[in-house]
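Numbering (the working numbering), first residue to last: 3 to 288.
All residues carry an ideal CB built from backbone N, CA and C; glycine is no exception.
Here the structure is a predicted model, which is why all the values come from computation and not from measurement.
The next block holds one structure in the form of structure tokens; read it before the comments.
Next up, the structure:
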């Protein structure tokens, strides 16, 4: 672990790692990390600074501000995330006389445009996510990977960055208490569905168990999965059927009955539709 002292940035040791291999040596060419840093006691404030690359900043502690171009000043605190990017000027830093704990990662590559389109990165105001240690753990892991100086480790760091951006995007979508509550409810409902694989699909019983109406249940499942309630349950059951067929020698008809399908022919047609092959061929050839 490399730690440096730079009292103009922080009164505490900072940790910075840079890409030390030619990007052409990387297998993941779509995006790569240029630099990662951990500034545990940042006191440096920046005014109207521009950047040549995209970067993600995550504030783990302390408070301060952010202004983009001549826009309004935004309050920054634990759990705040923001992006810097080419084409704008940024003024940011901890409150006067204070510090904040910052993790940042600079990255570039053609895939950044895909990330922008999908909402993994974005221009504009800072956003807030619940402050969780797992985010800091991922930043630390990326630091360690990039410090190795190995191309394969740099590729792993890029994959970890995409994973982190995805987690943060999910977390940003739950920034209000109401939405967070709905997301928590959705998780519980989907978890409940995964325990009902060995019984017939009964929307009313599932709704009662989760203290909601059947229409609410259907809307929730559709919103979270993109499938109707019945189609999602069938997909869960067929995934379970694959495990049974590969992990045991039970007949296909018995597998169907165990999973709540009284009509083995219907189960067989459904299995072939979702798996692309018949249940018997799946057992033999997969």
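Asked                                                                                                           : Found
Rounded separation between residue 179 and residue 13 - CA only                                                 : Its pLDDT being 40, under 50, residue 179 is placed unreliably by the model, and the measurement read from it follows with that caveat. Straight-line Cα distance between these residues: approximately 36 angstroms.
8 angstroms CB neighbourhood of residue 83 in its chain, flanking five on each side removed                     : 58, 59, 60, 61, 128, 129, 130, 131, 170 and 174
Residue 260 versus residue 222: straight-line alpha-carbon distance, rounded                                    : 27 angstroms
Proximity below 8 angstroms, CB of residue 16 to CB of residue 157                                              : no
Closest residue to residue 172 among 134, 122, 208 and 135 (Cα-Cα distance)                                     : 122
Three-state secondary structure assigned by DSSP to residue 254                                                 : helix
Residue 2 in three-state terms, based on DSSP                                                                   : With the chain represented from 3 up to 288, any question about residue 2 goes unanswered, as that position is not in the structure.
Supposed contact pair residue 148 and residue 35 - C-beta distance, whole angstroms, cut 8 angstroms            : 6 angstroms
Residues that DSSP places opposite residue 58 in a beta bridge                                                  : 85 and 107
Burial state of residue 144, where buried means 16 or more other Cβ atoms lie within 10 Å                       : buried
Three-state secondary structure (DSSP) of residue 25                                                            : helix
Contact between the region 261 to 271 and the region 197 to 209 (3+ Cβ pairs under 8 angstroms)                 : yes
Sequence-distant residues of its chain with Cβ nearer than 8 angstroms to residue 230 (five each side left out) : 220, 223 and 224
Own chain, CB closer than 8 angstroms to residue 56, minus 5 neighbours either side, in chain order             : 85, 86, 87, 88, 108, 109, 110, 114 and 123
Residue 40 beta carbon less than 8 angstroms from that of residue 141                                           : yes
8 angstroms Cβ cutoff met for residue 195 and residue 246                                                       : no
Nearest to residue 80 (by Cα), restricted to the options 42, 153 and 48                                         : 42
Whole-angstrom distance between residue 167 and residue 75, CA atom to CA atom                                  : 24 angstroms
Buried versus exposed, by CB contacts within 10 Å (16 or more), residue 101                                     : buried
Bounding residues of the beta strand (DSSP E) (the contiguous stretch that carries residue 67)                  : 66 to 70
Range of the contiguous alpha helix (DSSP H) that encloses residue 211                                          : 205 to 211
Helix, strand or coil at residue 63 according to DSSP, with G and I counted as helix                            : strand
Euclidean distance between Cα positions of residue 181 and residue 286                                          : Per-residue confidence for residue 181 stands at a pLDDT of 47, beneath the threshold of 50, marking its modelled position as unreliable; no derived number is given.
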